[in-house]
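**Q**
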Amino acid sequence: MSVNQSNQQTVYATNTINLHTIILIVVVVLVSNFANYALTGKNTAGEFDFTDRGLPSGSLYMLDLAEPFVKDTYSFEKEVRAVARKLNIPPEWLMSVMYSESKFNASVSNHRGSGAVGLIQWMPQTAKDFGTTAEALKKMSHVEQLEYVYKYLNLVRNKYHEFNSLTDLYLAILYPRALEGDFCYTLYADPSESYRQNSGLDENDDGMVTVRDIDTRMKRIFPSAYLITKDGFRMKDADTNVAGL
C-alpha cells in the first residue's frame, strides 16, 4: 500500500468517525428533547440558554449568567442579598425570577410588545405608580433598579402575604392577585391578548395559564431554587408542594 493510499484511508476513517459522532450528538439531543416533552409536555428547545447545575459553593446562584450585563458584580450580588434579606426570601428565588423575566438584562424591553422593561419587566403604568418611567428604568444600573424591585415586591407582600415559595415570588411579579388563588386560578386564557403575550407560560398547552402552570414552570426550569425553603434549607422531598397558596 502506498503512502498516498494509506493517507486516503486515514482521512476516510477520520471523516467517518466525525460523521458518526455528529449523528450521535444529534440523536442524543433529539432524544433528550423528546424525553423532556414526554415528561413535561413542553418543548424547551431554545427557551432558555442555561441548564440548572445546582447551587454553587460560595457564590450567588446564576451570578455567572448575570456577568455579561452587570458591570459591578460585587455590588450587584451585595444588593441582591440585601433585597432578599429585607423581603425575607432566599436570594436564589430573586435571581430566578429576574432571570426568567429579563435574563438579567436591565435595559431589555418585552419582545411581544407589552411595553414591559427591566429586570422584572415593569409595565409603564407600574413604573409611573412608583414615581418613575419605563424609559428611566431602562437607563438605570442593576443596583439602582434593585431599589425599585424591593419597593414593588414589598408593596405586594404587604398587600397580600409573605412570599412562601419561588412560585409565590414569581406570581407577585407576574399577576399579584393570583397570590389569593389556588392551583386552578387562571391568570390568562385564550384568545385574549394577555394570553397571547404570555402563552409561553402555558405548560400543558390547554389555552389557559394557571397557578399550577407557573408552579410547574418554576420547578422545571429552576429546580435548585425551587427546592429551597423560605428559611434557606433544601426540601428533602422533591415532590413536596411549596406553592404556599
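Its first residue numbered 73, the sequence shown is counted upward by one per residue in our numbering. A virtual CB, placed ideally from N, CA and C, is assigned to each residue, including glycine. Keep in mind that this is a model prediction, so the values were computed, not measured.
How would you call residue 143, buried or exposed, if buried means at least 16 neighbouring beta carbons within 10 angstroms?
**A** exposed
**Q** Can you list, in chain order, the stretches of the alpha helix (DSSP H) that have 4 or more residues and sit fully within the region 220-261?
**A** Correct list: 238-246.
**Q** Below 9 Å between beta carbons: does that hold for residue 294 and residue 136?
**A** no
**Q** My output table needs one value for residue 288: the three-state DSSP class, helix, strand or coil.
**A** helix
**Q** From residue 157 to residue 301, what distance separates their C-alpha atoms?
**A** 14 Å
**Q** Take residue 122 and list the residues in its own chain whose beta-carbon comes closer than 7 Å to its own, dropping the five residues that flank it on each side.
**A** 137
**Q** Mind checking residue 200: buried by the 16 CB within 10 Å criterion, or exposed?
**A** exposed
**Q** For the region 277-296 and the region 185-205, state whether three or more C-beta atom pairs, one from each stretch, are separated by less than 8 Å.
**A** no
**Q** Give a yes or no on whether the C-beta atoms belonging to residue 248 and residue 221 are separated by under 9 Å.
**A** With respect to the 9 Å criterion, residue 248 and residue 221 are not classified as neighbours on the basis of their beta carbons.
**Q** Would residue 127 pass as a contact of residue 164 if the rule is Cβ separation under 9 Å?
**A** yes
**Q** Note down the Cα distance separating residue 296 from residue 169, rounded to an integer number of angstroms.
**A** 13 Å
**Q** Which word fits residue 265, buried or exposed, when buried means at least 16 other C-beta atoms lie within 10 angstroms of its C-beta?
**A** exposed
**Q** My guess is that residue 178 and residue 141 are in contact by the Cβ rule of under 8 Å, so how many angstroms apart are they, rounded?
**A** Under the criterion of beta carbons closer than 8 Å, residue 178 and residue 141 qualify as touching, at roughly 7 Å.
**Q** Quick one: which unbroken alpha helix (DSSP H) runs of 4-plus residues sit fully inside the region 119-207? Chain order, please.
**A** 135-138, 145-159, 163-174, 196-201
**Q** Skipping 5 residues on each side, what residues in its chain have a beta carbon closer than 8 Å to that of residue 258?
**A** 280, 281, 282
**Q** So the candidates are 182, 189, 133; which of them puts its Cα closest to the Cα of residue 270?
**A** Nearest of 182, 189, 133 to residue 270, Cα basis: 182.
**Q** I'd like the span of the alpha helix (DSSP H) that includes residue 266, first residue to last.
**A** 265-270
**Q** Going by the DSSP bridge assignment, what does residue 300 pair with across the sheet?
**A** 306
**Q** Whose C-alpha, out of 268, 273, 161, 304, is nearest the C-alpha of residue 172?
**A** 273
**Q** Look at residue 192 and residue 174 and say whether their C-beta atoms are less than 9 Å apart.
**A** yes
**Q** Rounded to whole angstroms, what's the CA-CA distance from residue 187 to residue 299? Just pull it up for me.
**A** 32 Å
**Q** Between residue 238 and the rest of its own chain, which residues show a CB-CB distance below 7 Å, the 5 nearest in sequence each way excluded?
**A** Taken in chain order, the residues that qualify are 165, 168, 290, 294, 297, 298.
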